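Sequence lines, in order, name chains B and L.
According to this note's numbering, the residues represented by the first sequence are 181 to 294, in order.
According to this note's numbering, the residues represented by the second sequence are 635 to 749, in order.
Take a look at the structure set out below.
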Amino acid sequence: DVKVTQSSRYLVKRTGEKVFLECVQDMDHENMFWYRQDPGLGLRLIYFSYDVKMKEKGDIPEGYSVSREKKERFSLILESASTNQTSMYLCASTKRGGVATEAFFGQGTRLTVV
Amino acid sequence: AQKVTQAQTEISVVEKEDVTLDCVYETRDTTYYLFWYKQPPSGELVFLIRRNSFDEQNEISGRYSWNFQKSTSSFNFTITASQVVDSAVYFCALSGDNAGNMLTFGGGTRLMVKP
Numbered sequence: 181d182v183k184v185t186q187s188s189r190y191l192v193k194r195t196g197e198k199v200f201l202e203c204v205q206d207m208d209h210e211n212m213f214w215y216r217q218d219p220g221l222g223l224r225l226i227y228f229s230y231d232v233k234m235k236e237k238g239d240i241p242e243g244y245s246v247s248r249e250k251k252e253r254f255s256l257i258l259e260s261a262s263t264n265q266t267s268m269y270l271c272a273s274t275k276r277g278g279v280a281t282e283a284f285f286g287q288g289t290r291l292t293v294v
Numbered sequence: 635a636q637k638v639t640q641a642q643t644e645i646s647v648v649e650k651e652d653v654t655l656d657c658v659y660e661t662r663d664t665t666y667y668l669f670w671y672k673q674p675p676s677g678e679l680v681f682l683i684r685r686n687s688f689d690e691q692n693e694i695s696g697r698y699s700w701n702f703q704k705s706t707s708s709f710n711f712t713i714t715a716s717q718v719v720d721s722a723v724y725f726c727a728l729s730g731d732n733a734g735n736m737l738t739f740g741g742g743t744r745l746m747v748k749p
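Structure, rendered in structure tokens:
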């Protein structure tokens with residue numbers, strides 16, 4: 181059974197903390213994505229990566245960074261957490277291909293910044 | 635720029651009713667792909683369907699059906715004889731031909747099916 185696994189379902193962090201959200205996929209997918217989900221806004225792309233050590237900004241990268249040292253792992257980093265980063269974070273992966281392929285999602289991490 | 639609009643933020647129906655979830659999209663690409671995903675309370679998005687822009691044939695899968703109309707830029711999703719297990723948030727999404735598999739999502743529609 182293919183899987184995208186996010187390290188935590190729920191996190192509570194304090195303002196100013198450095199926060200790491202981890203995502204691992206076991207499908208040997210080249211592409212990995214981090215989305216943020218907020219009510220009424222759907223999912224918005226934060227960062228994505230097409231390959232190891234590669235990263236591209238999505239629609240809302242401010243306040244975030246990412247790391248992809250290994251193909252199966254894509255980390256989202258909040259350098260200094262703020263209350264407006266309280267949200268649900270979803271990781272996804274897809275196989276590289278000429279057409280849009282099905283994205284597989286993790287179960288999400290609900291982050292609360294207090 | 636691409637945009638997906640799901641005008642219905644929340645729908646409530648009684649079990650066995652039919653329900654249609656609307657999706658309208660905007661894109662300048664001639665080749666693009668449309669998706670529907672289901673997000674149950676567990677949180678994980680589950681892929682339901684993908685259509686490409688050259689295939690306007692409607693699709694039926696059990697109680698689910700999809701109506702793709704390029705003329706109105708719509709890709710609507712109908713659940714026939716709804717069940718409580720259909721309660722979830724449903725997302726419509728769009729990917730362009732050269733977008734590298736990036737998905738643009740609508741705001742989602744929360745469907746509540748009451749027994």
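Heads up, the beta-carbon is just placed ideally off N, CA and C, and yes, glycines get one too.
This one's a predicted model, so the numbers in the text were calculated from it and none came from an experiment.
Checklist entry - In this structure, does DSSP put Q265 of chain B in helix, strand or coil? => result In the first sequence, residue 265 of chain B corresponds to position 85, counting from 1. Q265 of chain B: helix per DSSP, three-state reduction.
Checklist entry - For Q205 of chain B, which residues does DSSP report across the bridge? => result As a working mapping, residue 205 of chain B is identified with position 25 in the first sequence. Q205 of chain B is bridged to B:V184.
Checklist entry - Would DSSP call V232 of chain B helix, strand or coil? => result Reading the first sequence from its first residue, position 52 is the one you call residue 232 of chain B. Per DSSP, reduced to three states, the secondary structure at V232 of chain B is coil, with no helix or strand assignment.
Next on the checklist: I need the straight-line Cα distance from S245 of chain B to Y230 of chain B, nearest angstrom please.
Outcome noted: In the first sequence, counting from the first residue as 1, residue 245 of chain B sits at position 65. In the first sequence, counting from the first residue as 1, residue 230 of chain B sits at position 50. Cα to Cα, S245 of chain B sits roughly 15 angstroms from Y230 of chain B.
Checklist entry - If you draw a straight line from the alpha carbon of T281 of chain B to that of K275 of chain B, how long is it in whole angstroms? => result Along the first sequence, one-based indexing puts residue 281 of chain B at 101. Along the first sequence, one-based indexing puts residue 275 of chain B at 95. If I take the Cα positions, the gap works out to 7 angstroms.
Checklist entry - Leaving out five residues before and five after D218 of chain B in sequence, what residues of the same chain have Cβ atoms less than 7 angstroms from its Cβ? => result Numbered from 1 along the first sequence, position 38 holds the residue referred to as residue 218 of chain B. Taken in chain order, the residues that qualify are S267.
Next on the checklist: Taking CB distances under 8 angstroms as the criterion, tell me whether L270 of chain B reaches chain L.
Outcome noted: Residue 270 of chain B sits at position 90 when you count from the first residue of the first sequence. Closer than 8 angstroms to some Cβ of chain L, the Cβ of L270 of chain B qualifies, so yes.
Checklist entry - Could you give the residue range of the beta strand (DSSP E) that holds M212 of chain B? => result Within the first sequence, numbered from 1, the residue matching residue 212 of chain B stands at position 32. Run containing M212 of chain B: N211 to D218, per the beta strand (DSSP E) assignment.
Checklist entry - What residues in the segment 670-687 of chain L have a beta carbon less than 7 angstroms from any beta carbon of chain B? => result Flagged, chain order: S676, G677, E678, L679, F681 and R684.
Checklist entry - Which residue comes first and which comes last in the beta strand (DSSP E) that contains M736 of chain L? => result Residue numbering aside, residue 736 of chain L sits at position 102 when the second sequence is read from its first letter. Taken as a continuous stretch (DSSP letters only), M736 of chain L belongs to no beta strand (DSSP E), as it is neither H nor E.
Checklist entry - Would the beta-carbon of L728 of chain L fall within 8 angstroms of that of V638 of chain L? => result Counting from one through the second sequence, the residue named residue 728 of chain L turns up at place 94. Counting from one through the second sequence, the residue named residue 638 of chain L turns up at place 4. Result yes, Cβ atoms of L728 of chain L and V638 of chain L sit closer than 8 angstroms.
Checklist entry - Shortest alpha-carbon distance to V718 of chain L belongs to which of L:D656, L:Q640, L:P674 and L:I694? => result By 1-based counting over the second sequence, the position of residue 718 of chain L is 84. The candidate whose alpha carbon is nearest that of V718 of chain L is L:P674.
Next on the checklist: Please tell me whether A283 of chain B has its Cβ less than 8 angstroms away from any Cβ of chain L.
Outcome noted: Counting from 1 along the first sequence, the entry for residue 283 of chain B is found at position 103. At least one chain L Cβ lies under 8 angstroms of A283 of chain B.
Checklist entry - What residues match up with E693 of chain L in a beta bridge as DSSP calls it? => result Within the second sequence, numbered from 1, the residue matching residue 693 of chain L stands at position 59. DSSP output for E693 of chain L lists L:W700 as bridge partner(s).
Next on the checklist: With a threshold of 8 angstroms between beta-carbons, can G741 of chain L be considered close to chain B, or not?
Outcome noted: What you label residue 741 of chain L is simply residue 107 of the second sequence in a count that begins at 1. Yes, because at least one Cβ of chain B sits closer than 8 angstroms to the Cβ of G741 of chain L.
Next on the checklist: Please list the terminal residues of the continuous beta strand (DSSP E) segment that includes L191 of chain B.
Outcome noted: Residue numbering aside, residue 191 of chain B sits at position 11 when the first sequence is read from its first letter. From DSSP, the beta strand (DSSP E) with L191 of chain B extends over Y190 to K193.
Item to check | chain B contact residues for N702 of chain L, given Cβ-Cβ distances below 7 angstroms | outcome: By 1-based counting over the second sequence, the position of residue 702 of chain L is 68. A small correction: the amino acid at residue 702 of chain L is Phe; Asn does not occupy that position in the sequence shown. Chain B residues near F702 of chain L: none, gap ~15 angstroms exceeds 7 angstroms.
Next on the checklist: My output table needs one value for S255 of chain B: the three-state DSSP class, helix, strand or coil.
Outcome noted: Residue numbering aside, residue 255 of chain B sits at position 75 when the first sequence is read from its first letter. In the structure shown, S255 of chain B sits in a strand (DSSP, three-state: E or B).
Item to check | Residue environment, Y269 of chain B, which counts as buried when at least 16 other CB atoms sit within 10 Å | outcome: Within the first sequence, numbered from 1, the residue matching residue 269 of chain B stands at position 89. Counting the other Cβ atoms within 10 Å of the Cβ of Y269 of chain B gives 16 or more, which makes it buried.
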